[in-house]
Structures are given as structure tokens and as C-alpha cells.
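Trainee: These protein sequence lines are chains A and B, in that order. If you count by my numbering, then the first sequence holds residues 1173 to 1742, one letter each, in order. If you count by my numbering, then the second sequence holds residues 3 to 294, one letter each, in order. What follows is a single structure, and I will ask about it in a moment.
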Amino acid sequence: MGKVDLVIKIAGEGGEGVISTGDFIAAACARAGQEVYTIKTFPAEIKGGYAMYQVRTSLDPVFNQGDTFDILCAFNGEAYEVNRQLLRPGVAFVYDYPDGGFEPEIPAGVHAYPIPMSRTAKEMKSYRSKNMVALGALSVLFNINEKTLLEVLVDKFKSKGTEKLNFNLDAFQKGKELAGGLVKTDPWRVADPAKPKDVIIVSGNEGVGLGAILGGLKFYSAYPITPATEIAKFVALHLPKVRGILIQAEDEIASLSQVLGASYAGARAMTATSGPGLSLMGEMLGMASMSETPVLVVDVQRGGPGTGMPTKHEQSDLFLAVFGSHGDAPRIVLAVEDVKDCIHMTVEALNLAELYQTPVILLSDGSLAFSTQTVPAPKLDTIRIVNRKRWDGQGVYQRYQMVADGISPMADPGTPGAMHMATGLEHGPTGAPNYVPGNHEAMHRKRFGKLQSVADFVKPTEVDGEEWADVGIIAWGSTIGVVREAVTRLQADGVKVKGFYPKLMWPMPVAQYESFAKTCGKILVPEVNFQGQLSHFIRSETSLNPIPYTICGGVPFTPIQIMNKVREII
Amino acid sequence: MSISMIGQVALKPKDYKSEVPVVWCPGCGHYGILNGIYRALSEAGIDPSRLMSISGIGCSSRAPYFINSYKMHTLHGRAGAVATGAQLIRPDLTTLVMGGDGDGFSIGGGHMPHLARKNVDLTYVLFDNGIYGLTKGQYSPTSRPEMTAYTTPYGGPEAPMNPLLYMLTYGATYVAQAFAGKPGVCAELIKGALEHRGFAYVNIYSQCPTFNTVDTVEFYRDLVETVPQDHDVTDLGAAISLARRTSEGCAPMGLLYKVERPTLDMQMTAIMDGVGGREDYDLNQIIDANRP
Chain A
1173 MGKVDLVIKI AGEGGEGVIS TGDFIAAACA RAGQEVYTIK TFPAEIKGGY AMYQVRTSLD
1233 PVFNQGDTFD ILCAFNGEAY EVNRQLLRPG VAFVYDYPDG GFEPEIPAGV HAYPIPMSRT
1293 AKEMKSYRSK NMVALGALSV LFNINEKTLL EVLVDKFKSK GTEKLNFNLD AFQKGKELAG
1353 GLVKTDPWRV ADPAKPKDVI IVSGNEGVGL GAILGGLKFY SAYPITPATE IAKFVALHLP
1413 KVRGILIQAE DEIASLSQVL GASYAGARAM TATSGPGLSL MGEMLGMASM SETPVLVVDV
1473 QRGGPGTGMP TKHEQSDLFL AVFGSHGDAP RIVLAVEDVK DCIHMTVEAL NLAELYQTPV
1533 ILLSDGSLAF STQTVPAPKL DTIRIVNRKR WDGQGVYQRY QMVADGISPM ADPGTPGAMH
1593 MATGLEHGPT GAPNYVPGNH EAMHRKRFGK LQSVADFVKP TEVDGEEWAD VGIIAWGSTI
1653 GVVREAVTRL QADGVKVKGF YPKLMWPMPV AQYESFAKTC GKILVPEVNF QGQLSHFIRS
1713 ETSLNPIPYT ICGGVPFTPI QIMNKVREII
Chain B
3 MSISMIGQVA LKPKDYKSEV PVVWCPGCGH YGILNGIYRA LSEAGIDPSR LMSISGIGCS
63 SRAPYFINSY KMHTLHGRAG AVATGAQLIR PDLTTLVMGG DGDGFSIGGG HMPHLARKNV
123 DLTYVLFDNG IYGLTKGQYS PTSRPEMTAY TTPYGGPEAP MNPLLYMLTY GATYVAQAFA
183 GKPGVCAELI KGALEHRGFA YVNIYSQCPT FNTVDTVEFY RDLVETVPQD HDVTDLGAAI
243 SLARRTSEGC APMGLLYKVE RPTLDMQMTA IMDGVGGRED YDLNQIIDAN RP
């Protein structure tokens, strides 16, 4: 980690501009050539409730949200109460005072900066200016690049008219003046601007949407569900530009049904949902497995079961993704680490569905869904598009022809000479129903057998660290980014530790797990679910004996938690 | 709709018949409906390779196996939703959905309103025999209380629904009803549905001699009454009045309603055209829109 690696947390009530304040800071830092990793939590309520936005910024790559914050900006008393235990010596604390409706106790060693945000907003006769006052104060106190910040504000507000723009700039200026009158006692400063990088800044959900469009998507159908809905928002905006179609279906059953129909008709097609929606899609996943129809389902995991904790982070749908259907239903399951993965693995997931004619489930999670990150701008000439195998027009067409690799050519409706039945009934090579015992077994061997080469098609699992390690950490999903930092920091302390970061969750690349284990003493598997779902699969599929480390409090791991656990078991 | 002649020779009804043997019980009304479908496809001049026949699960959902076309045999209740996706990708082909009353209105009941409301350009032929045949005779959403069956040894506890009223209410743009005992009427109404641009619903009464002992051929013959010649098919109120007569013991047979409004695929095309959508759109523009 670089020297200037700063975490700014803004908290307040939903509707007070907490989120937009964080977005402005993140965009200003990104424009000033810094790396940005943000997380945010929304209240489940429509309006009101606790909202939080945390920006981590550094000149070096950042892989996670950080251990805790260096700077807290509290818009109200609840924001202070929720975070007061984290006000450790050295932290800078900016808060709404006086007339903010709360009187915080300032612990020893905490740098306090009272800014009368509410009062100033009241003087300006607009509650909506409160967050701009705070933003102005933060910019002065912590060296947030003013040039890029003003550019961001102008870009944001110019479409809303000069009056609105000037009003917000006035509030920003007032915040600057208020902070200018205080004496800075803390050491925290955002790094000075660097050479701007060739980056985009998107959330995990937007990343999935962008990956889908870059991956040649032509049909998207989904039903609204937190935290996945934002994917549809992105896709709805851009898909028509490439002459693709987005439908909001009546439920998740319909959305995957429509995707299956669109795929049968020849289009690259997908849906996105969260755990409850994936549950509803279970039967149609079996249909896609049986009829060998390419479909992609993105599951942005949230706290479950039931309605669970819809706005909170969890990695608890691995069992559902791998086994969720009836019968023996093959599929490919992938999991993304970060926003960059959201883009590129969505492209790859569409490819895998097309190539293997099977359902692909791509697991994202609640912390990535709304995490905006700077990522290198995708280069079109590096995007690989693989299309399904289509009939060459030779010989007699059989939809489920027995071929060596198990992948029978498809034929789009409208093709002369290739009329066929795609069916959920067990069938012979032509698609005609066939319940002969030997046939069912042969067809299962075809449908499962074709997936044996998946591990060769995707990149091998990344191993982080080269030599023997006392502890090997196997992490998946957004936990990888936390483990990366923990591994680096532990190695710097002389601890022998390494990481193994699977993205292909199923079929499990067993040989890669086995060879990793040969270079480690103990195996630690941290994951954000109660049961230790990946640990369970590691036990059932490999000879490894992992130590599960599970948390499920609705928030991701921090690097320090992983580091402490490694030190505990080593 | 694709109107075509194969090698300039019009296809006859038998040319739409696949080599798969029909598996329904002797005396089943579905044979009459299937014959009506063959005739309608022939008269509409549809190229089999440009037809997508899609079904769910049930006796009638076996129908696509018996038709020469591209076809999907999907899950119970999901035919309409699957067909929606297929139709939107290939609006140049003809989409034909076939299924029963349980498949469409019970397990698939969540999808039916949206096919009608969204005006998905497909033909839905519903084989209405008032019973679940494939599972050996349970009451369905269109069963009459008089029917004693597998799970209704003491008679049915529920009032039947009215499919025509349902479809008219949800905005179907073509609503017709026939009886399997009149394959000619079936053929004419299905042909009209195939040629209609929009969601076309054809309800066809079909006797189940094996399990439904009350809705016999004789019962349906007495029930159906040809739609009056002076009925205005663009008058929703008049169509609803006709549909409501079913509860009075006489069901309308014929075309009740037919209007034009933009279909879902037309709306989608308008959106794509509106944003200047192109297959070769410069994706860098979408990437660049996300720079900080």
C-alpha cells in the first residue's frame, strides 16, 4: 500500500445527500489520477434510515474497502452513534455542529472539526445544500483536488440550470470558508493529483451491465430485486444502441423463461437477480440444462434466506448456484472478485454459456453491487467473443447428436432443413422423447461430460505467493480483494502465507486445489456465510482439510480480520 | 407472419404433420383441434421452418411433437413466457403456443395477463377440457363444480373462471372461441389468429372422454352458440357481453374481438430506432460514458 492510502467515511440519514457526496469525492479523486474503491450501504427504508458511503483512495491499486476509516463525516447524531466506537486516536471527525441536533463526546486523540452544516443550509433556505457545505469543508480539510471536484460538480449540475449550479457552488464555497476558519491538526491529506489514468469508474452492477454489452448481449429480461436491479438500469440505457432488447418480466420465473426462448431463437441472452429470484428460477435452470440451451444468470448475492437482509452483503448462494434445481442438472458457476471482474467475467460467462450450451451462473455480491471502483478502460480489441456451435448444413440434422465433445451443433429457427424439438423431456439424439434406461445415462454423460474442458477454457486459478507457506488462504468473490491485502501485509511482517483465488467455482478445478495445497501447511477458507459453503465443497470434492472462517454480519471482511485469524491458527 | 410457398407449391394440411405418432386417448377432442391447426397453417401458407411451436406441460402440450416446425416443449406453465423471448428475437417468424387450461390459467396464470397486456405477437391456442388429463383427472381452473373427479369426490369446491372475459379484460387484441367438434371453425379462427398482428387468443372447448364425465361432446354442442353476424368485433363492451353469456349456459363460438395496437416487438424496434441503434454501434462510446 502506498503512503497516501486514505479512507473517508460519510454517514447520515438517507436522503441527506450522503451518497452523492461520496460519489463526488470518488469521481474527483479518479479524475485526479487516483485509484478509488468505494462501498455504500443504503437503508432498506424508502426514505430516512442510516446511509453510509466510504471512499478509499490511493495512488496505488486498492483491492478492498480498508480496515476502518481515517476520516468520518457525520451528518447527524445517528451517524455519530453508529460510528463512535471507531473514533480511535488519530481519526479526523467532521460533524454537524452547532445546531446539528447532537453533542458528540470527542475521545482523546481524535481531531474534531465542527462544521455547522444544518445551520448553514437553513441560512441558505435549502436543506438540500447541507451536503454541499460538508463537501466544501472536506475539500479544504483534506486536500481533495479542487479543480477536479469543481469539474465534477459542474458536470453534475449544469444540466439542471445555472441557478441550481450556482446555488450548489455557493454552498460548497460556504463549507470551504467554514473549514478555512479551523486549525488543521490531523495528518490526513488526499494525494496530490497524478497523471490521469485511462480508467472508467463504475459500480459492480454497472460493470456487469457493461460486460454484457461488450460481450455481445442481445436479450435481457429481469424482475426488480435488490441488490441486482441496477444492472437492468445500465443495460436498459445502452442495449437498444446495439439493437438489443430489454424486458422487465412479471417475475423471475418469466425472466429466465424469456431468456431461454430468446436463446433458442439464436440470441446471446441473460438475466440478473438475487438469491430469492435464483430460487424461483430453479426449475427453468433444469430445463436449460436438459434442453442444452445457453443462458446466463447473474446472482448478486444478499443476506438470506427468506427476505433476509436485502441490502446487506453475503456470499451465501454458492450451494444454490451449484445445486439449485431438480434432477442431475449440470451448470457452470463463476464468481467475481471486483468490478474489473464484473466487466470481463460477464463477457466470459456469456461465452461459456454459448460454447457449452448450458446454464452459467455468475455470482456477484452485495458489497460489489454498489461499490464503485476505478478500473482500466476496457480495450475492445482484447474482448473475446465466442459464439455457439451452429449446424453447417451438411447431412441430416439432429439437435442432440452424440458427438465426441458432447457439444451438438445448434440451429436457429428459420434455418431450412434443421427443424427440431428442444425439450425438457429426456430425449434421444433427434429430440424425440426417450425413456430407455441406457439413453438417460448416455445423455447425462453427454451433458456432464462436455463440461470437463471448462477448466481449460478459463484462466487457471491465481496463486498469490510463490514459496511454501504455513497458511494458504482460499478465498472467493469479493473476499479475494481483502485477502490480497492481508497476504501482502502479513508477508511484509515475515509471515509465510499465500492465497488461492478461484473464479471458476463449479465444476471445481480439483487438480488446481490439490497442487496449491501441496505448497501450504494449513488451509484457511474465509467466506461471508454461516455454513462455510466453499469449505464444504472443498471437503467433498478434494482431499484438502480446510479451516473455515465464516462471518455473516452483513458486511465484508476487513484485512485486519484475516490477518488476525492467520496469526491465530499459524 | 411468413406467407410462403415451398417450391411454389402450397403445402397441404398433411404436410404439417410430423412423423411422431399422436398419443392422445381415442375420442379426445384434441385431435379435432390439431386438425384445425394443420388446416390453418396450410391456409395461412406458413413455411414450417419459419414456424416456432411452443408448449408447456399437459396432454395438449404434446401438440408441438406432432407438427412440422421448430418447436420447444418447455415447463409446466411457462410456454407463453418462453415464447415471448423467442418471438422478440425472431419477429419475422410465426410463433404458435399451445397448451391446456391448467397449464395456462393455473400454474401459468402469472404470465397470461402479461402476454395480453404487452400484446406479444403470437397465437395462443388453449385446449380447454376443464381437467388435468396427464395426471389422471384433477379439477382445473375451468372445471365446473358438477364434476366429480380424482380430487373432488364430493364435487368441485370452486367456481370456474371465464377465459374469454379474462383475455378481453387484460387487453388481448384477438379473442375467439371454438369447439373441437367443429374443426372447420377451429381452422378458420386459428388462421385468423396466425394472421393477426398481436396477441391472439383462441379458446377451444375439447372433450376429455377419459376423465371429464360432465363436459361431453353433447354438453359442448348444446353450450356453444355462433357469434351473431352483426357483432362488431372492435366493440370491447359487446365482446365482454358475449363472453359473460357463458355463465348463462350458452358460450359464444366465433371471433369476439379483434383490434390493432402496437405489438411488443414493434415497441422494442421503436426504442432501438429512437436511440439510433445499430448492430455495429461504436462500443467505445458506451465505455467512454463511464469515465470519471
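Glycine residues also receive a C-beta, built at the ideal position from the N, C-alpha and C atoms.
Looking only at DSSP bridge pairs, what is A/Ile1646 linked to?
Mentor: The count along the first sequence starts at 1 and reaches residue 1646 of chain A at position 474. Paired residue(s): A/Phe1672.
Trainee: Give every residue of the same chain whose Cβ lies closer than 6 Å to the Cβ of A/Lys1199, excluding the five residues on either side of it in the sequence, and list them in chain order.
Mentor: In the first sequence, counting from the first residue as 1, residue 1199 of chain A sits at position 27. Residue identity differs from the one stated: residue 1199 of chain A is Ala in this sequence, not Lys. Once the five neighbours on either side are set aside, the close Cβ partners of A/Ala1199 are Val1324.
Trainee: Identify every run of the alpha helix (DSSP H) within the stretch 1213-1270 of chain A, keeping only runs that are complete inside it and at least 4 residues long; order them along the chain.
Mentor: The qualifying runs are 1249-1255.
Trainee: Would you mind sorting A/Phe1265 into buried or exposed? The rule is 16 or more other CB atoms within 10 Å of its CB.
Mentor: Here residue 1265 of chain A corresponds to residue number 93 of the first sequence, with the count starting at 1. Under this definition A/Phe1265 is a buried residue.
Trainee: Kindly say whether A/Val1374, judged by its beta-carbon, lies nearer than 7 Å to any beta-carbon of chain B.
Mentor: Counting from one through the first sequence, the residue named residue 1374 of chain A turns up at place 202. For A/Val1374, the answer is yes, since a Cβ of chain B falls inside 7 Å of its Cβ.
Trainee: So is A/Ile1191 in contact with chain B if we call contact Cβ pairs under 7 Å?
Mentor: Residue mapping note: residue 1191 of chain A aligns to position 19 of the first sequence, counting from 1. By this cut-off, A/Ile1191 is not an interface position.
Trainee: Assign B/Cys296 to buried or exposed, taking buried as 16 or more other Cβ atoms, counted over all protein chains shown, within 10 Å of its Cβ.
Mentor: This structure gives no information on residue 296 of chain B, because the portion of chain B shown stretches from 3 to 294.
Trainee: Along the chain, where does the alpha helix (DSSP H) containing A/Asn1338 start, and where does it finish?
Mentor: For the purposes of this step, residue 1338 of chain A is taken as residue 166 along the first sequence, with counting starting at 1. Start and end: 1334-1352.
Trainee: Check A/Cys1514 in the structure and name its three-state DSSP category.
Mentor: Within the first sequence, the letter at position 342 stands for residue 1514 of chain A. If DSSP states are grouped into helix, strand and coil, A/Cys1514 belongs with the helices.
Trainee: Just the C-alpha distance for B/Lys19 and A/Phe1495, rounded to the nearest angstrom, thanks.
Mentor: Taking the first residue of the second sequence as 1, we reach residue 19 of chain B at position 17. Taking the first residue of the first sequence as 1, we reach residue 1495 of chain A at position 323. Looking at the two C-alpha atoms, the distance is approximately 39 Å.
Trainee: Just to confirm my understanding: we take B/Gly82, look at its own chain, exclude 5 residues before and 5 after, and list those with CB closer than 7 Å. What are they?
Mentor: Sequence index remark: in the second sequence, residue 82 of chain B carries index 80 (1-based). Around B/Gly82: Val99, Gly110, His113, Met114, Leu117, Tyr126.
Trainee: Could you tell me how far apart the beta carbons of A/Val1179 and A/Asp1232 are, in whole angstroms, since I believe they sit closer than 8 Å?
Mentor: Mapped onto the first sequence, residue 1179 of chain A falls at position 7. Mapped onto the first sequence, residue 1232 of chain A falls at position 60. Between A/Asp1232 and A/Val1179 the Cβ distance is about 14 Å, and since that is not below 8 Å, they are no contact.
Trainee: Can a CB atom of chain B be found closer than 7 Å to the CB of A/Ile1180?
Mentor: Position 8 of the first sequence, counting from 1, holds the residue named residue 1180 of chain A. No - not a single Cβ of chain B is within 7 Å of the one on A/Ile1180.
Trainee: Tell me whether B/Leu77 sits in a helix, a strand or coil according to DSSP, three-state version.
Mentor: Residue 77 of chain B sits at position 75 when you count from the first residue of the second sequence. Three-state DSSP puts B/Leu77 in coil, outside helix and strand.
Trainee: Which residues mark the beginning and the end of the alpha helix (DSSP H) in which B/Asp224 is found?
Mentor: Here residue 224 of chain B is taken as the residue at index 222 of the second sequence, counted from 1. 219-225 is the extent of the alpha helix (DSSP H) around B/Asp224.
Trainee: Could you check which residue in B/Thr171, B/Thr175, B/Leu170, B/Ser208 has the C-alpha nearest to that of B/His188?
Mentor: Along the second sequence, one-based indexing puts residue 188 of chain B at 186. The residue asked about is misnamed: residue 188 of chain B is Cys in this sequence, not His. Nearest option by C-alpha distance: B/Ser208.
Trainee: Under the rule that 16 or more other beta-carbon atoms within 10 Å means buried, what is A/Ile1515, buried or exposed?
Mentor: Here residue 1515 of chain A refers to the residue found at position 343 when the first sequence is read from its first residue. Burial call: buried.
Trainee: Excluding the 5 residues flanking B/Lys260 on each side, which residues of the same chain have their C-beta closer than 6 Å to its C-beta?
Mentor: Mapped onto the second sequence, residue 260 of chain B falls at position 258. Here the set comprises Tyr176, Val235.
Trainee: According to DSSP, simplified to helix, strand and coil, what is A/Cys1692?
Mentor: In the first sequence, the residue the question calls residue 1692 of chain A occupies position 520. Here A/Cys1692 sits in strand by DSSP.
Trainee: Thinking just about the alpha-carbon of each residue, which of A/Asn1236, A/Ala1441, A/Val1568, A/Tyr1209 is nearest to the one in A/Gly1653?
Mentor: Here the question's residue 1653 of chain A lines up with position 481 in the first sequence. Per the Cα distances, A/Asn1236.
Trainee: With distance defined between alpha-carbon atoms, name the residue in A/Asp1271, A/Ala1306, A/Tyr1673 nearest to A/Leu1506.
Mentor: Within the first sequence, the letter at position 334 stands for residue 1506 of chain A. For the residues A/Asp1271, A/Ala1306, A/Tyr1673, the minimum Cα distance to A/Leu1506 belongs to A/Tyr1673.
Trainee: Specify, as a first and last residue, the run of the alpha helix (DSSP H) that A/Tyr1436 falls within.
Mentor: Along the first sequence, one-based indexing puts residue 1436 of chain A at 264. That run of the alpha helix (DSSP H) goes 1424-1436.
Trainee: Which partner residues does B/Thr175 have in the DSSP bridge list?
Mentor: Against the second sequence, residue 175 of chain B aligns to sequence position 173. Answer by DSSP bridge pairing: none, since B/Thr175 is not bridged.
Trainee: Along the stretch 1574-1591 of chain A, what residues have a CB closer than 7 Å to any CB found in chain B?
Mentor: Those would be Pro1585, Gly1586, Thr1587, Pro1588, Met1591, in chain order.
Trainee: I believe A/Glu1185 touches A/Ala1246 by the beta-carbon criterion, under 8 Å. Please report the beta-carbon distance rounded to the nearest angstrom.
Mentor: Within the first sequence, numbered from 1, the residue matching residue 1185 of chain A stands at position 13. Within the first sequence, numbered from 1, the residue matching residue 1246 of chain A stands at position 74. Incorrect: roughly 11 Å between the Cβ atoms, too far for contact.
Trainee: Below 7 Å CB to CB, which residues in the same chain sit around A/Val1254 once its five sequence neighbours on both sides are set aside?
Mentor: The residue you call residue 1254 of chain A lines up with position 82 of the first sequence. Ala1183, Tyr1222, listed in sequence order.
Trainee: Hey, could you find the ends of the alpha helix (DSSP H) A/Thr1660 is sitting in?
Mentor: Stepping through the first sequence from its first residue, residue 1660 of chain A is reached at position 488. 1651-1664 is the extent of the alpha helix (DSSP H) around A/Thr1660.
Trainee: What runs of the beta strand (DSSP E), each 3 residues or longer, lie entirely inside the stretch 1586-1638 of chain A?
Mentor: Runs of the beta strand (DSSP E) inside the stretch 1586-1638 of chain A: 1593-1595, 1634-1636.
Trainee: Buried or exposed for A/Ile1557, going by 16 or more other Cβ atoms inside 10 Å?
Mentor: The sequence position of residue 1557 of chain A within the first sequence is 385, counting from 1. Result: exposed.
Trainee: Does the Cβ of A/Gln1705 have 16 or more other Cβ atoms within 10 Å, making it buried, or fewer, making it exposed?
Mentor: Along the first sequence, read from residue 1 onward, the residue named residue 1705 of chain A stands at position 533. A/Gln1705 should be labelled buried.
Trainee: Going by DSSP, what residues sit across from B/Phe129 in a beta bridge?
Mentor: Taking the first residue of the second sequence as position 1, residue 129 of chain B is located at position 127. DSSP lists B/Gly102, B/Ile206 as partners of B/Phe129.
Trainee: Assign A/Ile1191 to one of two classes, buried (16 or more other C-beta atoms within 10 Å of its C-beta) or exposed (fewer than that).
Mentor: One-based indexing of the first sequence puts residue 1191 of chain A at position 19. A/Ile1191 comes out buried.
Trainee: If A/Glu1486 sits next to A/Asp1537, beta carbons under 8 Å apart, how far is it from one beta carbon to the other, in whole angstroms?
Mentor: Locating residue 1486 of chain A in the first sequence gives position 314, where the first residue counts as 1. Locating residue 1537 of chain A in the first sequence gives position 365, where the first residue counts as 1. Indeed they touch by this definition, with Cβ atoms about 7 Å apart.
Trainee: Is the beta carbon of A/Ala1658 closer than 7 Å to that of A/Pro1728?
Mentor: As a position in the first sequence, residue 1728 of chain A is number 556, starting the count at 1. As a position in the first sequence, residue 1658 of chain A is number 486, starting the count at 1. For A/Pro1728 and A/Ala1658, no; Cβs fall outside 7 Å.
Trainee: When you compare each of A/Gly1589, A/Asp1510, A/Lys1390 to B/Arg52 by their alpha carbons, which one comes out closest?
Mentor: For the purposes of this step, residue 52 of chain B is taken as the residue at position 50 of the second sequence. It is A/Gly1589.
Trainee: Is A/Lys1551 buried or exposed, if buried means 16 or more other CB atoms sit within 10 Å of its CB?
Mentor: To locate residue 1551 of chain A, count along the first sequence from 1; it is residue 379. Per the 10 Å Cβ criterion, exposed.
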